[in-house]
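J.: For the sequence shown, position 3 (counting from the first letter as 1) is numbered 3 according to full-length UniProt numbering, and the numbering increases by one without interruption. Glycine included, every Cβ here is placed at the ideal spot set by N, Cα and C.
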Amino acid sequence: MRRIDAIGIGLGVFIAGGLAYVILQLVGLDTQKAGIWSQVLLVSGLIGWLATYFFRAVGQKMTYHQQREQYEQDFLQKRLDELTPEELARIQAEIEQEEQSQV
Numbered sequence: 001m002r003r004i005d006a007i008g009i010g011l012g013v014f015i016a017g018g019l020a021y022v023i024l025q026l027v028g029l030d031t032q033k034a035g036i037w038s039q040v041l042l043v044s045g046l047i048g049w050l051a052t053y054f055f056r057a058v059g060q061k062m063t064y065h066q067q068r069e070q071y072e073q074d075f076l077q078k079r080l081d082e083l084t085p086e087e088l089a090r091i092q093a094e095i096e097q098e099e100q101s102q103v
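And the structure:
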């Protein structure tokens, strides 16, 4: 995330909190209750966002993890594509021999 993105998100949350406060006042809540409920909404949103972050981290669905897995797969595929047919046959024979020895 770039610095400007973080600033934009922070500004957006600040403006959303202010709008929630104003809307709650327009609905008929007094200033103290409108302030409390706008904070409740802000904290609830923050907890929800943290929960999604936690589940992505535990499930290894984070962008960095996905990019690393994709890079490793692409790297191994490139190495496999560079093998000559003789080298590929030799490796396949070694794998089959290992599988038979494990059984």
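For I23 and A51, I'd like the C-alpha separation in whole angstroms.
T.: Those two C-alpha atoms are separated by around 27 angstroms.
J.: Per the contact definition of three or more C-beta pairs closer than 8 angstroms, is the stretch 3 to 15 in contact with the stretch 26 to 38?
T.: Verdict: no, contact absent.
J.: Beta carbon of Y21, beta carbon of G10: below 8 angstroms?
T.: For Y21 and G10, no; Cβs fall outside 8 angstroms.
J.: In angstroms, rounded to a whole number, what distance separates the CA positions of L88 and R68?
T.: The straight-line gap from Cα to Cα measures roughly 25 angstroms.
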